[in-house]
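Per full-length UniProt numbering, residue 1 is the first one in the sequence shown, and the count goes up by one each step. Positions of the beta carbon are idealized from the N, C-alpha and C atoms, including for glycine. Just so we're clear, the structure is a prediction, and the values are computed from it rather than from any experiment. Inspection log for the structure reproduced underneath, given as structure tokens.
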Amino acid sequence: MKQLFLCSYFAGVKKLFSDYAKEKNLENKVLFIPTAGNKEDYTAYIDEAQQTFKDLGFEIEVLDIASCDRETAQAKIFQSKILYISGGNTFYLLQELKKKQLLSLIKEQIRDGLVYVGESAGAIITAKDIDYNKLMDDKTVATELSDTAGLDEVEFYILPHYGEEPFTDSSKKTFEMYEKQLELLPLHNHQAIIVNDEQIDILTIE
């Protein structure tokens, strides 16, 4: 059963994830991948996400896939029931996932019941392709990325931080550029998309 929890800003949807975790009766261990933040100057959202998990009673294991070997990364993901992938640079994130040959493994694990939690970049990579995000993220930092094919777990394309600073202009331009080509789903920082197999729910904190 496919189980995805996707958002722009994990700390901003703490209540939604708390409800989700209770409803799903999730175990309290999460594999936390902060790798997308490696190329960002501002990474407070990663600390906030870790604190959010801790506040909700989760035990976190941090795994930077850029600084570990392929076997370790694959083994850790294979052993996990809940996988969280942070925000940051989407192209760099995808590059590192591909370098360690993790996309097909993550897809297999999702099919086997892994709960996938994606914030911003971590949500974007669930689409078929991430090239549409090039106005919001600097593609040039991913010098070893040869193609932009994503996990292809959803039919839609998440547009995170819609109308939110500092992405107000870039998110609007992305929407205008791709709204007729792709099934874009703009999300502000207090919304989440929950995917259960074919069922898709968009939830908002009022």
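- I33: member of the beta strand (DSSP E) spanning 29-33, first to last residue.
- Cβ atoms of F32 and E61 come within 8 Å of each other, at about 6 Å.
- D201 counts as exposed, since fewer than 16 other beta carbons sit within 10 angstroms of its beta carbon.
- Excluding residues up to 5 positions away in sequence, Y132, Y157 lie with their Cβ nearer than 7 Å to the Cβ of L182 in the same chain.
- Between the alpha carbons of L102 and I125 lies a gap of roughly 12 Å.
- In the three-state scheme derived from DSSP, where H, G and I count as helix and E and B as strand, F167 is classed as coil.
- K81 and K107 have their C-alpha atoms spaced approximately 13 Å apart.
- CA-to-CA, the gap between Y42 and K99 works out to about 24 Å.
- DSSP links N196 through a beta bridge to Q3, Q199.
- Pairing K139 with F91, the inter-Cα distance amounts to about 6 Å.
- Bridge pairing for T204: Q191 [DSSP].
- For Y116, there is no enclosing alpha helix (DSSP H); the enclosing beta strand (DSSP E) has its first and last residue at 115-119.
- DSSP places L185 in the uninterrupted beta strand (DSSP E) bounded by 184-186.
- Three or more Cβ pairs closer than 8 Å define a contact, and the segment 115-123 falls short of that threshold against the segment 64-71.
- In this structure, DSSP gives A149 an extended state, which the three-state scheme calls strand.
- Within the same chain, and ignoring the five residues on either side of K39 in sequence, the residues whose Cβ sits closer than 7 Å to its Cβ are G88, N89, Y92, V141.
- Annotation: the continuous alpha helix (DSSP H) that includes L103 extends over 103-111.
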